[in-house]
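Protein sequence lines, in the order shown, are assigned to chains A and B.
All residue numbers for the first sequence refer to our numbering, where the first residue is 9 and numbers rise by one.
All residue numbers for the second sequence refer to our numbering, where the first residue is 230 and numbers rise by one.
By construction, the Cβ of each residue, glycine as well, lies at the ideal position given by its N, Cα and C atoms.
Owing to the predicted nature of the structure, the values given are computational and were not obtained by experimental measurement.
These notes are about the structure you will find just below.
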Amino acid sequence: EADIYQTPRYLVIGTGKKITLECSQTMGHDKMYWYQQDPGMELHLIHYSYGVNSTEKGDLSSESTVSRIRTEHFPLTLESARPSHTSQYLCASSDRAYGYTFGSGTRLTVV
Amino acid sequence: AQSVTQLDSQVPVFEEAPVELRCNYSSSVSVYLFWYVQYPNQGLQLLLKYLSGSTLVKGINGFEAEFNKSQTSFHLRKPSVHISDTAEYFCAVSDDGGATNKLIFGTGTLLAVQP
Numbered sequence: 009e010a011d012i013y014q015t016p017r018y019l020v021i022g023t024g025k026k027i028t029l030e031c032s033q034t035m036g037h038d039k040m041y042w043y044q045q046d047p048g049m050e051l052h053l054i055h056y057s058y059g060v061n062s063t064e065k066g067d068l069s070s071e072s073t074v075s076r077i078r079t080e081h082f083p084l085t086l087e088s089a090r091p092s093h094t095s096q097y098l099c100a101s102s103d104r105a106y107g108y109t110f111g112s113g114t115r116l117t118v119v
Numbered sequence: 230a231q232s233v234t235q236l237d238s239q240v241p242v243f244e245e246a247p248v249e250l251r252c253n254y255s256s257s258v259s260v261y262l263f264w265y266v267q268y269p270n271q272g273l274q275l276l277l278k279y280l281s282g283s284t285l286v287k288g289i290n291g292f293e294a295e296f297n298k299s300q301t302s303f304h305l306r307k308p309s310v311h312i313s314d315t316a317e318y319f320c321a322v323s324d325d326g327g328a329t330n331k332l333i334f335g336t337g338t339l340l341a342v343q344p
């Protein structure tokens, strides 16, 4: 059963469009994360949050932005999508050191 | 900074054979270690984790891993694989033992089980 939900699962969108990838979790976890996964499968942390109104940039520079207004919700926004943004985006949440729970991912294609 | 190395990008194996997926980490502090599995078009699922205590950790689907501090390794093993085990496997280390809980992932190993 999924306790963390990502929508949409697949998105094909034109260059220049604004998009928001949704991520919600029902576990009450304070910490949430966004990873970008390359076609070669490597995972790169692009954003993370320790709680409401707390967001930080990750290890990989990204043109996307995030917000954390509610504990359960951690959306990622691209103001102007480009083909270089084509990737899979994975959202995760965690509670201390018990490991992450991942969503199913959003596969974004910008044409 | 901590890092994780998965030396094998792909491991082909026949069904019912044993398999070992290798993972080495670098860290100067206590670590938490994890193995995740990713099936095609899915997110990552936690297989097992080492936080403390026994160095042999058992996980789901018959997998186990052994924490070896002297060799800084956390290799994943399964005595007999099935076709359904075909997936990408990621080793990960906690960034600082829990304070921020950022995970550093390896580059992944594709386990390809052949009939």
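Query	Result
Which residues share a DSSP beta bridge with B/P241?	B/A341
Can you check DSSP and say which residues form a bridge with A/T34?	Beta-bridge pairing links A/T34 to no other residue.
Quick one: list the residues of chain A neighbouring B/G337, beta-carbon separation under 9 Å, in chain order.	G48, M49, E50, L51
Just the chain E side, please: which residues come within less than 8 Å of A/L98 by C-beta, in chain order?	No chain E appears in the structure shown, which is made up of the protein chains A and B.
Could you check whether B/S238 and B/T315 sit closer than 9 Å to each other, using their CB atoms as the reference points?	no
Whole angstroms is fine: what's the gap from A/D46's alpha carbon to A/S95's?	6 Å
Give the residues from the segment 13-42 of chain A that approach chain B closer than 7 Å (Cβ to any Cβ), ordered along the chain.	K39
Grab the span of the beta strand (DSSP E) containing B/V233 for me, first residue to last.	232-234
Between B/I289, B/Q300, B/L332, which lies nearest to B/L275 when the distance is taken from Cα to Cα?	B/I289
Can you find a CB in chain A that lies within less than 9 Å of the CB of B/N330?	yes
In terms of alpha-carbon separation, which member of A/S70, A/P83, A/A89, A/H37 lies closest to A/K25?	A/A89
Against chain A, does B/K278 count as a neighbour if the rule is that its beta carbon must be under 9 Å from one of theirs?	yes
Using a Cβ-Cβ cut-off of less than 9 Å, give me the residues of the segment 299-324 of chain B that come near chain A, in sequence order.	E317, F319, A321, S323
Determine which residues of the segment 103-119 of chain A have a Cβ less than 7 Å from any Cβ of chain B, and write them out in chain order.	R104, A105, G107, Y108, F110, G111, S112, G113
Determine the direct distance from the alpha carbon of B/V266 to that of A/H37, and round the result to whole angstroms.	22 Å
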